[in-house]
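In case it helps, my numbering puts the sequence shown at residues 147 to 551.
We treat Cβ as the ideally placed atom computed from N, Cα and C, and that holds for glycine.
Since we're looking at a predicted model, the values are computed, not measured.
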Amino acid sequence: MAKITMPRPIVEMDGDEMARLIWARIKTELLHPFLDLRTEYYDLGLPHREETGDQITRDAAQAVLRHRVGVKCATITPNSQRRAEYRLTKLWPSPNATIRAALDGTVFREPIMASGVKPAVRSWAKPITIARHAYGDVYSAVEYQAQEAGTAELVFTAASGRVFRKTVHAFEGPGILQAMHNKDSSIESFARACFRYALDKKRDLWFAAKDTVSSCYDQRFRDIFQHLFAAEYAALFKEARIAYRYALIDDAVAAAVRSEGGFVWACKNYDGDVISDLVSAAFGSLAMMTSVLVSPHGHFEYEAAHGTIARHYARCLRGEETSTNPTALIFAWTGALRKRGELDRVPALALFADALERSVLNTIESGRMTGDLACLYEGGAAALGLDGFIQAVREEAEAALGRSK
Ligand code: NAP
Ligand code: MG
């Protein structure tokens, strides 16, 4: 079986803990046997971010801008406990936030559905894709802890010199403050990415926010979506027989639970963070969700929606076998390889990605799966360990790729 070659590299961003161990296993067992894998490697593991003063993350983001396709392992976003654990000189920012700030754009997260694995919400028959705005809001907010009484003001000095000033609160004692922003240009590209994605997938689009309470901030999002829809997308939606609707976020949550799924749900940055975890867990497992960041200028960064799976890593360090599900990390690689194949016109890469994804699903659908899914499987199934599951996928992939020759 001749190995598939790649004319251009993928930007590979390695990560931390359990996800890092799985990353290496995927490359050895499921990629190298079939591909002459070409990557430009960036180690975003926390020790290396510390060593480089986080320059490595900024370099990786620039590399994605150069090569257009990246794949990222889960990384630790340090808090004070991690700072002590890793003896950090600084609380380095979340690598995802650095990369999203460089690329702008929208994160699309979609459940990976395997037959036999029943969603917790019984009415969900089709996937719900979360489209998460990846710029601004609380992720780049300025915060302040006031230690004494005082007045907080919101001040905007226009380039023309005009000044807007409004009291936020007159504190009678200590308290906390937060100021966040977004840009019309970023909201517009978010809206366009969502309209285009819905048209591409031929699925209804919902956008949900809280404009009743946030009558300037959220209202601006709602207006930009509505204006672009009416001006550029309404006719295309009609032709495709799909709909766009705006809903209040609390109404949308209730409607989503009563729906059969099958729509794209556009969310502001924080809502998308929380709701995508809720949706993936309700569809089965955090490890059964794909995640891709699409920039307005056509850059793509694939990752898993879950983190570094710290609890499993702790067990692994004690020498225990874990039943950790590598599916989302495998699909991050297949997503990146498929996109590389599409951009460079190498159909063999896309065919390989399809075959590897099918091998994962065949493995699960034939009753071989990790513990997170085994407890949801119709009729019950015995849980495999991480290595057992990867071996089963490798056998499926060898059979499929052998047959296709
Ligand atoms: P997590 O890695 O998402 O895992 C939370 C729990 O979800 C796990 O303990 C496990 O539950 C289950 N789970 C997640 N992925 C799984 C998988 N592949 N297979 C089986 N079960 C899975 O979150 P965390 O452990 O709370 O966070 C660890 C670190 O990840 C944090 O330092 C955080 O900063 C980072 N993080 C990174 C990203 C990213 O880079 N994209 C995203 C989120 C969090 P059970 O223990 O019950 O089995
Ligand atoms: Mg999250």
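Under a three-way DSSP split, which group does residue i fall into?
| i | result |
| --- | --- |
| F353 | strand |
| W411 | strand |
| E289 | strand |
| R549 | Note that R549 scores 47 on pLDDT, short of 50, meaning its location in the model is unreliable and no value can be drawn from it. |
| L424 | helix |
| L522 | coil |
| D200 | coil |
| V438 | strand |
| A305 | coil |
| D182 | strand |
| V359 | coil |
| R171 | helix |
| I388 | coil |
| T252 | strand |
| M164 | helix |
| R214 | coil |
Figure out for me which residue from the options has the closest Cα to the Cα of residue i.
| i | options | result |
| --- | --- | --- |
| G282 | Q291, K329 and R233 | K329 |
| A247 | S269, A206, P273 and A220 | A206 |
| I322 | S360, G296 and P179 | G296 |
| E196 | K218, R212, L167 and L234 | L234 |
| G531 | F341, V539 and I222 | V539 |
| E256 | M434, V440, S361 and F302 | M434 |
| A499 | D533, L167 and L181 | L181 |
| D369 | K348, A393, D346 and D350 | A393 |
| L345 | S360, H315 and A381 | A381 |
| S512 | A501, D518 and A527 | A527 |
| V288 | V314, A325, W238 and P265 | A325 |
| V301 | I395, T436 and H327 | H327 |
| T454 | L167, A298, A148 and I150 | L167 |
| E524 | G534, E175, P265 and T244 | P265 |
| H443 | A148, G418 and L211 | L211 |
| I276 | V399, R484, H213 and P224 | V399 |
| R514 | A529, A501 and L522 | A529 |
| K347 | S361, L190 and W411 | W411 |
| D490 | H213, T436 and E175 | H213 |
| Y343 | S361, L176 and Y379 | Y379 |
Identify, in the order they occur along the chain, each residue of the same chain with its Cβ nearer than 8 Å to the Cβ of residue i, setting aside the five sequence neighbours on each side.
| i | result |
| --- | --- |
| R486 | M152, R154, I156, V215, V492 and L495 |
| I114 | Past the edges of the chain, shown from 147 to 551, lies residue 114, and the structure says nothing about it. |
| N415 | R278, H279, A280, Y281, G282, D283, V284 and Y285 |
| D423 | L432 and A451 |
| H194 | I202 |
| A292 | A298, F317, P320, G321, I322 and L323 |
Given a threshold of 16 other Cβ atoms within 10 Å of its Cβ, counted over all protein chains shown, does residue i qualify as buried or as exposed?
| i | result |
| --- | --- |
| D333 | The sequence given here places Ile at residue 333; Asp does not occur at that position. Its Cβ being crowded by 16 or more others within 10 Å, I333 is buried. |
| T252 | buried |
| N242 | buried |
| S335 | buried |
| A170 | exposed |
| Y290 | exposed |
| C219 | buried |
| L192 | buried |
| R464 | exposed |
| C340 | buried |
| F353 | buried |
| S441 | buried |
| V420 | exposed |
| G481 | buried |
| V217 | buried |
| P320 | exposed |
| P224 | buried |
| D397 | exposed |
| S550 | Below a pLDDT of 50, predicted positions are generally treated as unreliable, and S550, at 43, falls in that range; the measurement from the model is reported next regardless. Exposed, because fewer than 16 other Cβ atoms sit within 10 Å of the Cβ of S550. |
Quick one: residues in its chain with C-beta nearer than 6 Å to the C-beta of residue i, no 5 flanking neighbours on either side, listed in chain order?
| i | result |
| --- | --- |
| Q365 | D357 |
| E186 | P155, V157 and A209 |
| R404 | none |
| W270 | G407 |
| A376 | none |
| C462 | T468 |
| A298 | V314, H315 and L323 |
| Y459 | E163 and M164 |
| D350 | I388, A389 and F409 |
| T221 | G161, D162, L190 and P241 |
| Y448 | V217, V438, A478, G481 and A482 |
| R184 | M152 and P155 |
| L177 | L183 |
Flag residue i as yes when its Cβ comes closer than 7 Å to any non-hydrogen atom of the ligand SAM, and as no otherwise.
| i | result |
| --- | --- |
| T454 | No copy of the ligand SAM occurs in the structure displayed; its ligands are the ligand NAP and the ligand MG alone. |
Might you give, ordered along the chain, the residues of its own chain that have their beta carbon closer than 7 Å to the beta carbon of residue i, omitting 5 neighbours on each side?
| i | result |
| --- | --- |
| R268 | none |
| K272 | E406, G407 and G408 |
| A337 | I370, F371 and L374 |
| I470 | For the record, residue 470 in the displayed sequence is Thr; it is not Ile. For T470, where only same-chain residues beyond five positions count, the Cβ hits under 7 Å are M164, I168, I455, H458, T516 and L532. |
**Message:** I'd like to know if the segment 539-546 and the segment 495-505 are in contact, where contact means that at least 3 CB-CB pairs between them fall below 8 Å.
**Reply:** yes
**Message:** Closer than 8 Å is the cut-off here; do at least three beta carbon pairs connect the segment 252-266 with the segment 307-324?
**Reply:** Not touching, per the Cβ criterion.
**Item:** Validate contact between the segment 428-443 and the segment 382-396 using beta carbons, cut 8 Å, 3 pairs
**Value:** no
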